[in-house]
Structures are given as C-alpha cells and as structure tokens.
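Peer 1:
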Amino acid sequence: MLHLSVAVDQQSAHDADSYVALARLAERGGFDFVTLDDTFARPGPDALAVLSRVAPATSRIGLVPTVTTTHTEPFHVQAAVATLDWVSRGRAGWRLDVSTTEGEARLFGSRQAAAADALWQEAGEVADVAAKLWDSWEDDAEIRDVPTGRFIDRDKLHHVDFRGTSFSVKGPSIVPRPPQGHPVRVVDATDGQARRTAARYADVALVRAAGAGQAADVRAQLRSRAAEYGREPGQPKVLASLLVDLGAGEHAAEPGHGGGGPRQSAQGPLYRGGPVDLAELIAGWHGEGVVDGFHLVPAEPLRDLERLVNGTVALLQHRGLFRTFYPGSTLREHLGLARPANQWAVTGGAS
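Using the working numbering, read the sequence shown as starting at 26 and increasing by one per residue.
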C-alpha cells in the first residue's frame with residue numbers, strides 16, 4: 026500500500042483558516058496525514074495548537090504536529106498529544122524533534138545546549154514514557170456511574186515511576202487513554218543521530234534522500250536496527266521526504282528532477298516540474314520497494330497542494346496505486362498499524 030503525506034507549513038501565517046483550508050484540500054486528496062513543523066528557533070504559532078483547531082474542521086486526515094522534546098516537560102507533552110487524539114477522534118500523531126542551539130536554550134534558561142546524540146536519546150525516553158503514561162489508564166478505567174458518584178475504577182489507573190537520564194515521571198496521566206492507544210510517532214531519520222531513536226520508537230520514519238539507492242539503504246538500516254530492538258518486520262514505515270515545486274504546471278520535470286532525480290538543494294531533495302512526472306517518480310520508487318510512500322513538502326503551499334491533489338494524486342488513483350477513499354477513521358488505520366494493547370491489561374500488573 027502506498028502512503029502519502031503532505032506538509033501544510035506556511036511562512037508568516039497566523040490565522041487558523043489558512044491551515045484549515047490546506048488540511049481540507051489534503052483530505053480531499055486522500056492523504057494519510059498532514060504535518061506542521063515547529064521549532065523554538067523562529068517565531069510562529071504552536072503547531073499542536075493549530076492542528077487542534079484543524080481537527081474539528083476535518084474528519085479523516087491524520088494530524089501530525091512537530092513537538093520538540095528538549096526543554097519541555099514529558100508529562101505535559103504526552104497529555105497534549107493525547108488531547109489532540111481525543112479532539113480529532115483518533116487521528117493524531119506527533120513528529121519528535123530536538124533543540125540543539127544555545128540560543129534556544131537561553132529562551133528557557135533551565136539548561137544549556139547539549140549534543141545531538143544525548144538529545145535524541147532523551148527524545149527516545151520521552152517517547153517511551155509517553156507510551157507508558159497513555160497506558161496508565163486502562164481502556165475501561167472510566168466508569169461514569171452517576172448514581173454512585175464513581176468516575177474512575179482506581180484499580181485500572183496505574184503509576185509509571187519512570188526515571189530517564191534527565192527527568193523522572195510518576196504518573197498516572199491526567200488524560201484518559203487516547204482513542205488510538207498510542208498516537209502515531211513520526212521521526213525524521215535522515216541524520217544519523219536520530220536514526221537509532223527512529224528505529225526503536227517511530228511508527229513512521231521520514232528520510233530526505235536524493236536517490237532511490239540512498240533511500241533504500243536508510244530503510245534497510247532502520248529496519249535492521251528495529252529488528253534488533255525486537256520490533257515486528259516492516260517497522261517502521263519509511264517515507265521519502267521531498268520538496269516539490271510544481272510551478273512549471275504540466276511541463277515535464279527539469280533534468281535531474283524526474284525519473285532519475287530528485288536533485289539535491291540547500292533545503293533538501295527537490296523535485297521541480299509537473300505533476301505527471303512526479304507521479305511517475307512516486308510510482309517508480311514505491312514499485313521498486315524503495316520506500317513505503319512519500320512525505321511531500323510544497324514549495325508554494327496552496328498552488329502546489331492543489332496540483333498534487335488534482336494532478337499527481339489523481340493519476341496515482343487512476344492507476345490503482347493510491348486510495349480513492351479512507352477505509353478507516355484513525356491515523357493508525359490509514360497506515361495499516363494495529364492499535365497497541367495496553368501493557369497493564371496484558372500483564373495484569375499492579376499500580
């Protein structure tokens with residue numbers, strides 16, 4: 026199954042309506058999920074809050090904000106992501122990222138900048154404790170028995186008692202277990218420091234690769250490491266992340282951007298041309314088993330997303346390579362991922 030996702034990033038856009046419009050357009054195209062980037066390095070609206078606003082304005086598409094795990098409290102992070110899953114009725118994910126600069130560290134004043142390796146280890150610990158906190162409520166922990174005044178079955182609420190290298194969390198969470206059990210975890214695994222975290226924890230790994238061979242190598246490395254961690258075959262899903270500039274309209278791809286491309290640029294791998302050749306590139310890489318799908322980043326958000334939906338995606342659908350409707354309602358269902366069992370319900374452990 027081919028998976029497609031798209032970024033809805035916009036420079037200097039602070040009104041929710043523009044993000045809602047892009048997400049609805051992507052939903053019309055059947056994309057698995059949209060991403061919205063975020064960083065402490067530049068001003069802009071909070072990605073998780075923006076997609077929480079987008080949630081009630083959409084009904085099927087997955088919503089994946091970037092959430093920086095450095096300088097943030099893991100307990101608050103997991104509660105916010107769980108809340109997004111609730112307000113979207115099971116369509117939330119989160120793209121883990123780290124903050125490496127001293128300037129960003131000074132914004133918080135609680136710690137100095139650290140090496141990327143240490144920060145990605147911490148990000149993995151945040152992913153680990155988030156899953157434990159989501160499981161701290163069993164699925165049927167809520168009783169809501171008005172006559173007796175009982176809201177929660179305390180025997181189905183559990184303490185986590187997690188201690189990482191830079192934080193500790195006791196729990197339980199303040200938010201009931203999310204509809205998906207665990208919202209989908211996404212990691213950009215292009216850089217080596219992030220790759221180990223992606224192999225161990227990511228449901229979806231993004232890879233910025235300028236060639237099919239490079240993408241295939243990274244995918245093989247990720248899945249080999251994932252197997253060493255005891256994960257199931259086929260994990261994580263690997264999507265090639267590609268900047269797309271469809272300003273050329275229906276024209277063929279520029280040399281180096283089409284079948285043999287894309288071309289490397291300062292912003293990462295770039296495809297520049299028309300939607301037809303882009304569909305050929307996507308079909309070719311996926312047909313060769315290089316990647317599980319693509320994460321497309323429009324150079325011009327509205328223009329390029331319209332051409333993706335009406336051109337590239339329509340062609341892929343016509344060839345039977347991509348869905349024409351959403352068969353499920355949750356992001357995990359879109360991606361073919363099972364809902365994780367609650368560790369407490371499985372083990373029967375005491376809190």
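Even for Gly, the Cβ is constructed at its ideal location relative to N, Cα and C.
Does the stretch 87 to 104 come close enough to the stretch 63 to 77 to have 3 or more Cβ pairs within less than 8 Å?
Peer 2: The stretch 87 to 104 vs the stretch 63 to 77: in contact.
Peer 1: Could you tell me if residue 225 is buried or exposed, where buried requires 16 or more neighbouring beta carbons within 10 angstroms of its beta carbon?
Peer 2: Locating residue 225 in the sequence shown gives position 200, where the first residue counts as 1. Residue 225 should be labelled buried.
Peer 1: Among 128, 124 and 77, which has the Cα closest to the Cα of residue 105?
Peer 2: If you number the sequence shown from 1, residue 105 lands on position 80. If we check each option's Cα against that of residue 105, 77 comes out closest.
Peer 1: On a Cα-Cα basis, can you pick out the residue from 68, 328 and 186 that is closest to residue 132?
Peer 2: Reading the sequence shown from its first residue, position 107 is the one you call residue 132. That would be 68, whose Cα lies nearest to the Cα of residue 132.
Peer 1: Provide the residue span of the alpha helix (DSSP H) that contains residue 305, from first to last.
Peer 2: Within the sequence shown, numbered from 1, the residue matching residue 305 stands at position 280. It spans 300 to 312 - the alpha helix (DSSP H) in which residue 305 sits, taken as one unbroken run.
Peer 1: Go to residue 91, then tell me how far its beta strand (DSSP E) extends in each direction, as first and last residue.
Peer 2: Locating residue 91 in the sequence shown gives position 66, counting from the first residue. Taken as a continuous stretch (DSSP letters only), the beta strand (DSSP E) holding residue 91 covers 87 to 93.
Peer 1: Quick check: the stretch 166 to 179 against the stretch 121 to 138, are there 3 or more CB pairs under 8 Å?
Peer 2: No, they do not touch.
Peer 1: Where does residue 172 fall in DSSP's three states?
Peer 2: The sequence position of residue 172 within the sequence shown is 147, counting from 1. If DSSP states are grouped into helix, strand and coil, residue 172 belongs with coil.
Peer 1: For a quick check, are the C-beta atoms of residue 214 and residue 227 less than 8 Å apart?
Peer 2: As a position in the sequence shown, residue 214 is number 189, starting the count at 1. As a position in the sequence shown, residue 227 is number 202, starting the count at 1. Result yes, Cβ atoms of residue 214 and residue 227 sit closer than 8 Å.
Peer 1: Could you check the C-alpha separation between residue 189 and residue 342 for me, to the nearest Å?
Peer 2: Counting from 1 along the sequence shown, the entry for residue 189 is found at position 164. Counting from 1 along the sequence shown, the entry for residue 342 is found at position 317. Taking the straight line from one Cα to the other gives about 46 Å.
Peer 1: Closer than 8 Å by C-beta to residue 254: which residues in its own chain qualify, once you throw out the five before and the five after it? Chain order, please.
Peer 2: Taking the first residue of the sequence shown as 1, we reach residue 254 at position 229. Within the same chain, residue 254 has close Cβ partners 224 and 225.
Peer 1: Applying the criterion that 16 or more other CB atoms from any shown protein chain within 10 Å of the CB defines a buried residue, is residue 94 buried or exposed?
Peer 2: In the sequence shown, counting from the first residue as 1, residue 94 sits at position 69. When all chains shown are included, residue 94 counts as buried.
Peer 1: Opposite residue 110 in the DSSP bridges: which residues?
Peer 2: Mapped onto the sequence shown, residue 110 falls at position 85. Looking at the DSSP assignment, residue 110 forms no beta bridge with any residue, so it has no partner.
Peer 1: Taking the alpha helix (DSSP H) that residue 354 belongs to, which residues open and close that run?
Peer 2: As a first step, residue 354 must be located in the sequence shown, where it is residue number 329. First-last for residue 354: undefined, no H or E at that position.
Peer 1: Taking the C-alpha atoms as reference points, what is the distance between residue 100 and residue 111?
Peer 2: For the purposes of this step, residue 100 is taken as the residue at position 75 of the sequence shown. For the purposes of this step, residue 111 is taken as the residue at position 86 of the sequence shown. When rounded, the distance between both Cα atoms is 17 Å.
Peer 1: In the DSSP assignment, what are the bridge partners of residue 296?
Peer 2: What you label residue 296 is simply residue 271 of the sequence shown in a count that begins at 1. Answer by DSSP bridge pairing, in chain order: 269.
Peer 1: Locate the alpha helix (DSSP H) running through residue 238, then write down its first and last residues.
Peer 2: Taking the first residue of the sequence shown as position 1, residue 238 is located at position 213. Looking at the DSSP string, the run of the alpha helix (DSSP H) that includes residue 238 is 237 to 253.
Peer 1: Could you compute how far the alpha carbon of residue 243 sits from the alpha carbon of residue 161?
Peer 2: Numbered from its first residue, the sequence shown carries residue 243 at position 218. Numbered from its first residue, the sequence shown carries residue 161 at position 136. C-alpha separation (whole angstroms): 34 Å.
Peer 1: Per DSSP, what are the beta-bridge partners of residue 144 in this structure?
Peer 2: The residue labelled residue 144 in the question sits at position 119 within the sequence shown. Paired residue(s): none; residue 144 is not in a bridge.
Peer 1: Using beta-carbon positions only, say whether residue 152 and residue 210 come within less than 8 Å of one another.
Peer 2: Counted from its first residue, the sequence shown places residue 152 at position 127. Counted from its first residue, the sequence shown places residue 210 at position 185. Yes, these two residues count as a Cβ contact at 8 Å.
Peer 1: How close, in whole Å, do the beta carbons of residue 266 and residue 232 come, if the pair is a contact with beta carbons under 8 Å?
Peer 2: Position 241 of the sequence shown, counted from the start, is the residue given in the question as residue 266. Position 207 of the sequence shown, counted from the start, is the residue given in the question as residue 232. At roughly 6 Å, the Cβ-Cβ gap stays under 8 Å, so residue 266 and residue 232 are in contact.
Peer 1: Does the beta-carbon distance from residue 29 to residue 347 come in below 8 Å?
Peer 2: Looking up residue 29 in the sequence shown gives position 4. Looking up residue 347 in the sequence shown gives position 322. Yes, Cβ-Cβ distance for residue 29 and residue 347 is below 8 Å.
Peer 1: Per DSSP, residue 28 is paired with what?
Peer 2: Here residue 28 corresponds to residue number 3 of the sequence shown, with the count starting at 1. Residue 28 pairs with 318.
Peer 1: When DSSP builds the beta bridges, which residues end up paired with residue 231?
Peer 2: Translated into positions along the sequence shown, residue 231 becomes position 206. Residue 231 is bridged to 213 and 264.
Peer 1: Could you pull the DSSP bridge partners for residue 288 from this structure?
Peer 2: What you label residue 288 is simply residue 263 of the sequence shown in a count that begins at 1. Answer by DSSP bridge pairing, in chain order: 295.
Peer 1: Residue 325 to residue 270, Cα distance in whole Å?
Peer 2: For the purposes of this step, residue 325 is identified with residue 300 of the sequence shown, where counting begins at 1. For the purposes of this step, residue 270 is identified with residue 245 of the sequence shown, where counting begins at 1. Distance between the alpha carbons of residue 325 and residue 270: 7 Å.
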